[in-house]
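Worksheet for the structure shown next.
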Amino acid sequence: MKGWLQQRWTRNKLASIRNLHDVERLARRKLPRPIFGYIDHVAEDGRTQRANLTAFDDYRFLPKAFVNVSQIDLQTELYGKRYAVPFGIAPMGISALSAYQGDLVLARAAAKRNLPMIMSGSSLVPMEEVAKVEGADWFQAYLPGTPEGIEALLERIKRAGFKKLVVTLDYPVPPNPDNFRRSGFSSPLEPTLRLAVDGLMRPGWLCNTFLRTLLKHGMPHFENNHAERGAPVISRQAARDFSGRRHFDWDYLDLVRRLWPDTLIVKGVLNPEDAVRARQAGVDGIILSNHGARQLDCTISPLEVLPEVKRRISDIPIMIDSGFRRGTDVIKALALGADFVFIGRPFNYAAACAGQAGVEHVADLLQREIERNMALLGLTSLFQLNHSCLYQPIENQSQQPVVAAKTTDTAP
C-alpha cells in the first residue's frame, strides 16, 4: 500500500512538471531557503544571468516548410560514445543536500536516459561510489593548490575509474558571498537557530533528505576536493578549501596534461585566446561557461563567444553551458557550432522534487522539446543544424560581443 501511494504521489508530482521552469518553482517550495539559495545563487546584481538569457533572443529561426520529418535523429557521438541526446548534466556541488544521495540520483538517471553526467568535485558522496554507476565516467575537479596535491587527486580520480577529467580554470578566488549570506547559506553551513528554523519549515526535506542522510551515512563531508576526505558540511570552524589558487597559471594545466592519461576537458573558458591556449596545452575538449552566472557579474554569455571560439578551434569538441532552459536554446547553440550542451540547475531541482524519476522526467521533457522543434524547423538530423537555420536581426549584428583581438593563431 505504501509503495502504491508513493508511486501515485510521484506521478502526480511529475504531472505538474511540464517544462524546466516548473521544477524551479516546485523546488523553491520544497527546499529550505539556504539550500535553494545555494542552487539559485547568481553573482552580485545578476547582470551575467540576464546576459545568459538575452543572448538567446539575438537569434531567431528560419524554418523550412513541407519537409518529411517522420523520423528525427537526436543521437550524438562524443568521445567515442553515442548518447541519446545532445545534452547532459552539468556538475553541481553539494547536490546531496538538496536530494538524498543526490550525486547517485543524477548518475543513475543519466545512465537510464543514456546521457552524460559530470560529477562535481564539490560533492558530498565519495567519487568511488558514483563511479560504480554504469556510464559515470566524467569528473569535474577544482585543482588543489600544490603540484603534490594535484598529482594525488588525479591519481585518486584515475583509481576510481573516471576517464574524462573536467578541470575548472576560472576559480582563483570564491565569488562574492553576499547573496549566499542573504539566503542564510554559508560553506560549511554554520549550526545556527536560523538554519534550524529553515529546516523545520520544510519537514519533507528534513526527514527524507537530511535526517535520512544522518541516520544512514552520518554527517556529510566534502568528499572529493582532495585525495583525502574534506571538512563536514556543517561546522563552526572548518573552512571549505577553495583557497590557495591565486598563483595558478598555464603551467598548471600543462602539468595536468602530463599527469592525466585519458580525456582532458577544461571548463570555465570564455575568452577565445584562452580557448586557443588550452588547445595548445593538448586538451581534448572545452566547455564554454560562466557557471550559470555564479562567479563574476557583468560577464559575457558563452553563447556570444561560441561562434568565434568555433572559428578558431574546429578539431576538438566545443561544449557549452549556462542559462539553457528550453529545447530552442539547445538547438540555437548547436546551430552556432556547439558540439554538446550541459544543463545544471533544472536537474538538481528535479532530483530535489521527485528523485531519480524527476531527473528522468525533465530529461524526457527537454528531449521532446528538441525533437518537436526540429520537426517544426523542417530538420531531421542534428547534422543539419548550422547558421542557415538562424536569422540574426540587423540591430543585433551591429552589437557584436567584445572579444580579444583576432590573431592568426590556430590550434596545433
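The numbering used here puts the sequence shown at residues 303 to 714. Backbone N, C-alpha and C fix where the C-beta goes; we use that ideal spot for every residue, glycine too. No experiment lies behind these values; they were computed from the predicted model shown.
**Asked** Under three-state DSSP, which class holds Thr601?
**Response** coil
**Coil, strand or helix - Glu379 by DSSP** = strand
**Message:** Can you tell me whether Val535 is buried or exposed? The criterion is at least 16 other CB atoms within 10 Å of its CB, across all chains shown.
**Reply:** buried
**Prompt:** In three-state DSSP terms, what is Ala654?
**Reply:** helix
**Request:** For Tyr693, count neighbouring Cβ atoms within 10 angstroms of its own Cβ and tell me buried if that reaches 16, exposed if not.
**Result:** exposed
**Prompt:** Which of helix, strand or coil does DSSP assign to Val475?
**Reply:** coil
**Request:** Can you give me the start and stop residues for the beta strand (DSSP E) that Leu443 sits inside?
**Result:** A small correction: the amino acid at residue 443 is Ala; Leu does not occupy that position in the sequence shown. Residues Trp440 to Ala443.
**Message:** Nearest by alpha-carbon distance to Val369: which of Ala677, Asp347, Gln686 and Ser690 is it?
**Reply:** Ala677
**Message:** Comparing C-alpha positions only, which one of Gly584, Gly382, Asp623 and Glu379 sits nearest to Gly594?
**Reply:** Asp623
**Message:** Please return the same chain residues whose Cβ sits closer than 8 Å to the Cβ of Lys315, not counting the five positions on each side in sequence.
**Reply:** Leu328, Cys655, Ala656 and Gly660
**Message:** Do Gly382 and Ala413 have their beta-carbon atoms positioned less than 7 Å apart in this structure?
**Reply:** no
**Prompt:** Looking at the unbroken alpha helix (DSSP H) that takes in Leu557, where does it start and where does it end?
**Reply:** Trp552 to Leu561
**Request:** Identify which residue in Leu426, Val571, Pro648 and Val632 has its Cα closest to the Cα of Thr511.
**Result:** Leu426
**Request:** Scan the region 486-533 and note each continuous alpha helix (DSSP H) run of 4 residues or more that stays entirely inside, going in chain order.
**Result:** 495-502 and 514-519
**Request:** Can you grab the Cα-Cα spacing for the pair Ile319 / Leu495, in whole Å?
**Result:** 33 Å
**Request:** Verify whether the separation of the beta carbon atoms of Gly629 and Asp472 is less than 7 Å.
**Result:** no
**Message:** On the DSSP bridge list, what partners appear for Phe271?
**Reply:** There is no way to answer for residue 271, as the model of the chain reaches only from 303 to 714.
**Prompt:** Is it a yes or a no for the region 589-608 touching the region 551-562, going by three-plus beta-carbon pairs under 8 Å?
**Reply:** no
**Message:** Per DSSP, what are the beta-bridge partners of Thr470 in this structure?
**Reply:** Lys569
**Request:** For Leu406, count neighbouring Cβ atoms within 10 angstroms of its own Cβ and tell me buried if that reaches 16, exposed if not.
**Result:** buried
**Short Cβ contact (7 Å threshold) for Asp599 with Asp347** = yes
**Prompt:** Is DSSP giving Ile620 helix, strand or coil here?
**Reply:** strand
**Request:** Keeping to the same chain, check which residues put their C-beta closer than 6 Å to that of Tyr340; ignore five residues upstream and five downstream.
**Result:** Phe487
**Message:** Applying the 10 Å Cβ sphere with the 16-neighbour rule, what's the burial state of Gly639?
**Reply:** buried
**the region 418-434 contacting the region 596-613, beta-carbon criterion three pairs below 8 Å** = no
**Prompt:** For Lys434, does the count of other Cβ atoms within 10 angstroms reach 16, so buried, or fall short, so exposed?
**Reply:** exposed
**Prompt:** Do Asn573 and Ala637 have their C-beta atoms within less than 7 Å of each other?
**Reply:** no
**Prompt:** Span of the alpha helix (DSSP H) holding Gly629?
**Reply:** Gly629 to Ala637
**Item:** For Arg362: DSSP bridge partner residues
**Value:** Tyr693
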